[in-house]
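Quick note on this note's numbering: the sequence shown kicks off at 2 and runs consecutively.
Glycine included, C-beta positions come from ideal geometry on N, C-alpha and C.
Computed from a predicted structure; not experimentally measured.
Right, one structure below, let's go through it.
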Amino acid sequence: MTLLLIIVAIAVLALILVGVTVGLVGRRTKPAKAPVPPRSPSAPPTTVEPSPTAEPEAAAPSAHTIERPEATASRLVRLRQRLAGSNNALGRGLLALLSRERLDEDTWEGIEDVLLTSDIGVAPTQELVERLRTRLRVEGSADARTVLREELIALVDPTLDRRLQVSGTDGNPGVVLVVGVNGAGKTTTVGKVARILVAEDRRVVLGAADTFRAAAADQLATWGERVGVEVVRGPEGGDPASVAFDAVKEGADTAVDTVIVDTAGRLQNKQGLMDELGKVKRVIEKQAPVTEVLLVLDATTGQNGLIQARVFREAVDVTGIVLTKLDGSAKGGIVVQVQRELGVPVKLVGLGEGPDDLAPFSPEAFVDALLS
Ligand code: GDP
Numbered sequence: 002m003t004l005l006l007i008i009v010a011i012a013v014l015a016l017i018l019v020g021v022t023v024g025l026v027g028r029r030t031k032p033a034k035a036p037v038p039p040r041s042p043s044a045p046p047t048t049v050e051p052s053p054t055a056e057p058e059a060a061a062p063s064a065h066t067i068e069r070p071e072a073t074a075s076r077l078v079r080l081r082q083r084l085a086g087s088n089n090a091l092g093r094g095l096l097a098l099l100s101r102e103r104l105d106e107d108t109w110e111g112i113e114d115v116l117l118t119s120d121i122g123v124a125p126t127q128e129l130v131e132r133l134r135t136r137l138r139v140e141g142s143a144d145a146r147t148v149l150r151e152e153l154i155a156l157v158d159p160t161l162d163r164r165l166q167v168s169g170t171d172g173n174p175g176v177v178l179v180v181g182v183n184g185a186g187k188t189t190t191v192g193k194v195a196r197i198l199v200a201e202d203r204r205v206v207l208g209a210a211d212t213f214r215a216a217a218a219d220q221l222a223t224w225g226e227r228v229g230v231e232v233v234r235g236p237e238g239g240d241p242a243s244v245a246f247d248a249v250k251e252g253a254d255t256a257v258d259t260v261i262v263d264t265a266g267r268l269q270n271k272q273g274l275m276d277e278l279g280k281v282k283r284v285i286e287k288q289a290p291v292t293e294v295l296l297v298l299d300a301t302t303g304q305n306g307l308i309q310a311r312v313f314r315e316a317v318d319v320t321g322i323v324l325t326k327l328d329g330s331a332k333g334g335i336v337v338q339v340q341r342e343l344g345v346p347v348k349l350v351g352l353g354e355g356p357d358d359l360a361p362f363s364p365e366a367f368v369d370a371l372l373s
């Protein structure tokens, strides 16, 4: 009996020992949570592979790389597609209507509607329709596309001088004053025009005279940095005329070819705007004559853009129009209306947010893009 008890006790002890051992081993083999290594401050940031389709110009430039802007000829070819893309409803609509077998009253009304929706304006629409009707009647066999192309080009007026006046006389730099309401694309246009001039090997200084919007001067500084162009700026809220003066003085002292001056475009008070722009111009002209005043208008704003144009025309002698955001607008007809309204030519068109998406305006290329 005692022997039996001893055997049982030994067996129980053995079982306990085995159990403890297995438990320990089991606990040890439990998968341990991988330790999270502390973030090393010197660890490189996560890099994102550039997509193979990304355009090289989209890459953020390093502070030390000076970009070579695209030449004018190549940007015209590239941007023509963009113009065609947003405005071809106009050209196609007109061609579809004109190529009908019978040009009855309904068709002519349809043609008028297409023209009016593209913002050409009432008077130019009526003139164009009248000329098309006469020519197609008189020249019975004429090709409607050819006639339409010729008449549209005539309406946009190929006789206007669209060259930018960027050169000064008597040893002065050319001075380009850029005006327009906030949001129209003014600062962006100053940066883009600088790139066009740099691509033509001209030396440029920029003046950040929009001292009311803190971001405007920073924005301009970035544009300048990218192409190695000096940007003269003043204190935030400072006197715009004094920044403009300093910029033109710097341009004259360093003998650059052109100084481009950005301005503030607050429209809430017409008298204030006129006083401010008038003063900026007067003060600049103590240094050197202003050779070009570019009014920047957003093509998508239609009639509103025209109202703005009138106010600016009263404030300062506008010599050329820059129509921005034509890439996003099917209302290319505004070119015709705004030229008539102001009596000055559209000289440049903005066709995107890319740094080289600004092109000299050519009536033939514009009309061909509409009809492509
Ligand atoms: P500002 O207040 O008149 O100086 O206007 P900005 O130069 O700051 O431009 C306002 C916005 O319009 C920005 O987001 C620009 O990128 C955009 N912009 C300017 N020009 C064009 C253009 O031609 N096409 C498009 N799509 N956007 C443009």
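> Quick one: Cα of glutamate 226 to Cα of valine 167, how far?
Replying inline: To locate residue 226, count along the sequence shown from 1; it is residue 225. To locate residue 167, count along the sequence shown from 1; it is residue 166. About 21 angstroms.
> Under a three-way DSSP split, which group does proline 361 fall into?
Replying inline: By 1-based counting over the sequence shown, the position of residue 361 is 360. Strand, per DSSP.
> Quick one: what's arginine 1 bridged to in DSSP?
Replying inline: Here the chain covers residues 2 to 373 and nothing more, so residue 1 does not appear.
> If we count Cβ pairs, one from each stretch, closer than 8 angstroms, do we get three or more for the stretch 119-139 versus the stretch 249-261?
Replying inline: The stretch 119-139, when compared against the stretch 249-261, does not touch it at the 8 angstroms Cβ threshold.
> What residue from Gln309, Val228, Leu343 and Thr66 has the CA that sits closest to leucine 207's CA?
Replying inline: As a first step, residue 207 must be located in the sequence shown, where it is residue number 206. Comparing alpha-carbon positions, the option among Gln309, Val228, Leu343 and Thr66 lying closest to leucine 207 turns out to be Val228.
>> Just to confirm my understanding: we take alanine 90, look at its own chain, exclude 5 residues before and 5 after, and list those with CB closer than 7 angstroms. What are they?
In response: For the purposes of this step, residue 90 is taken as residue 89 along the sequence shown, with counting starting at 1. So the list reads Ala331, once near-sequence residues are dropped.
>> Starting from leucine 221, trace the alpha helix (DSSP H) in both directions and tell me its first and last residue.
In response: Counting from 1 along the sequence shown, the entry for residue 221 is found at position 220. Membership of leucine 221 in the alpha helix (DSSP H) is indicated by the continuous run 215-228.
> If you draw a straight line from the C-alpha of valine 205 to the C-alpha of valine 115, how long is it?
Replying inline: Along the sequence shown, one-based indexing puts residue 205 at 204. Along the sequence shown, one-based indexing puts residue 115 at 114. C-alpha separation (whole angstroms): 43 angstroms.
>> At 3 residues or longer, what runs of the beta strand (DSSP E) sit wholly inside the stretch 306-357?
In response: Taking only runs of at least 3 residues, the beta strand (DSSP E) segments lying wholly in the stretch 306-357 are 321-325 and 347-351.
> isoleucine 261 lies in the beta strand (DSSP E); which residues open and close that run?
Replying inline: One-based indexing of the sequence shown puts residue 261 at position 260. According to the DSSP assignment, isoleucine 261 belongs to the beta strand (DSSP E) that extends over 259-264.
>> My assumption, with CB atoms under 8 angstroms, is that threonine 66 sits in contact with proline 174. Please give the rounded CB distance.
In response: Position 65 of the sequence shown holds residue 66. Position 173 of the sequence shown holds residue 174. At roughly 26 angstroms, the Cβ-Cβ gap does not stay under 8 angstroms, so threonine 66 and proline 174 are not in contact.
>> I'd like the list of long-range same chain contacts for glutamine 127, defined as Cβ closer than 8 angstroms, with 5 residues on each side in sequence excluded.
In response: In the sequence shown, the residue the question calls residue 127 occupies position 126. Result list for glutamine 127: Glu113, in chain order.
> Can we count glutamine 220 as close to the ligand GDP, meaning its CB is less than 7 angstroms from some heavy atom?
Replying inline: Against the sequence shown, residue 220 aligns to sequence position 219. For glutamine 220, the shortest separation between its Cβ and any heavy atom of the ligand GDP lies below 7 angstroms.
> Does DSSP put glutamate 277 in a helix, in a strand, or in coil?
Replying inline: Position 276 of the sequence shown, counting from 1, holds the residue named residue 277. In the structure shown, glutamate 277 sits in a helix (DSSP, three-state: H, G or I).
> DSSP state of valine 115, grouped into three classes?
Replying inline: In the sequence shown, residue 115 corresponds to position 114, counting from 1. Of the three classes helix, strand and coil, the one that applies to valine 115 here is helix, per DSSP.
> Going straight from the alpha carbon of isoleucine 121 to that of tryptophan 224, what length do you get?
Replying inline: Taking the first residue of the sequence shown as 1, we reach residue 121 at position 120. Taking the first residue of the sequence shown as 1, we reach residue 224 at position 223. Their backbone Cα atoms lie some 33 angstroms apart in a straight line.
>> Please tell me whether valine 249 and isoleucine 285 are closer than 8 angstroms, where the distance is taken between their beta carbons.
In response: Counting from one through the sequence shown, the residue named residue 249 turns up at place 248. Counting from one through the sequence shown, the residue named residue 285 turns up at place 284. A contact, by the Cβ cut-off of 8 angstroms.
> When you compare only the Cα positions, how much space is there between aspartate 162 and valine 337?
Replying inline: As a position in the sequence shown, residue 162 is number 161, starting the count at 1. As a position in the sequence shown, residue 337 is number 336, starting the count at 1. Rounded to whole angstroms, aspartate 162 and valine 337 show a C-alpha spacing of 15 angstroms.
> Looking only at C-alpha atoms, which of Val179, Ala217 and Val350 sits nearest to valine 281?
Replying inline: Position 280 of the sequence shown, counted from the first residue, corresponds to residue 281. For valine 281, the closest of Val179, Ala217 and Val350 by C-alpha to C-alpha distance is Val179.
>> If distances are taken between C-alpha atoms only, which option among Val177, Gln288, Val176 and Ile322 comes closest to phenylalanine 362?
In response: Numbered from 1 along the sequence shown, position 361 holds the residue referred to as residue 362. It is Ile322.
> Can you tell me whether alanine 300 is buried or exposed, with buried defined as 16 or more other CB within 10 angstroms of its CB?
Replying inline: Here residue 300 refers to the residue found at position 299 when the sequence shown is read from its first residue. Alanine 300 is classed as buried because its beta carbon has at least 16 other beta carbons within 10 Å across all chains shown.
>> If you reduce the DSSP assignment to three classes, tell me which class valine 199 lands in.
In response: Here residue 199 is taken as the residue at index 198 of the sequence shown, counted from 1. Three-state result, valine 199: helix.
> What residue from Ala97, Leu156 and Glu102 has the CA that sits closest to alanine 124's CA?
Replying inline: In the sequence shown, counting from the first residue as 1, residue 124 sits at position 123. The candidate whose alpha carbon is nearest that of alanine 124 is Leu156.
> According to DSSP, is valine 249 helix, strand or coil?
Replying inline: As a working note, residue 249 is residue 248 in the sequence shown. In this structure, DSSP gives valine 249 a helical state, which the three-state scheme calls helix.
> Within this structure, are the beta carbons of glutamate 102 and leucine 129 separated by less than 8 angstroms?
Replying inline: Position 101 of the sequence shown, counted from the start, is the residue given in the question as residue 102. Position 128 of the sequence shown, counted from the start, is the residue given in the question as residue 129. With contacts defined by Cβ atoms closer than 8 angstroms, glutamate 102 and leucine 129 do not form a contacting pair.
> Taking DSSP as the reference, what is the three-state secondary structure of valine 123?
Replying inline: Locating residue 123 in the sequence shown gives position 122, counting from the first residue. The answer is helix: DSSP assigns valine 123 an H, G or I state.
>> My output table needs one value for leucine 178: the three-state DSSP class, helix, strand or coil.
In response: By 1-based counting over the sequence shown, the position of residue 178 is 177. Strand, per DSSP.
> Does the beta-carbon distance from alanine 200 to threonine 73 come in below 8 angstroms?
Replying inline: In the sequence shown, the residue the question calls residue 200 occupies position 199. In the sequence shown, the residue the question calls residue 73 occupies position 72. For alanine 200 and threonine 73, yes; Cβs fall inside 8 angstroms.
> Cα-Cα, which of Arg83, Arg146, Thr170 and Thr188 is closest to valine 262?
Replying inline: Taking the sequence shown and counting its residues from 1, the one referred to as residue 262 is at position 261. Comparing Cα positions, the closest option is Thr188.
>> Taking a contact to mean a Cβ-Cβ separation below 8 angstroms, would you say serine 100 touches alanine 145 in this structure?
In response: In the sequence shown, residue 100 corresponds to position 99, counting from 1. In the sequence shown, residue 145 corresponds to position 144, counting from 1. Contact flag set, yes.
> On the three-state DSSP scale, how would you describe valine 291?
Replying inline: By 1-based counting over the sequence shown, the position of residue 291 is 290. Residue state, collapsed to three classes: coil.
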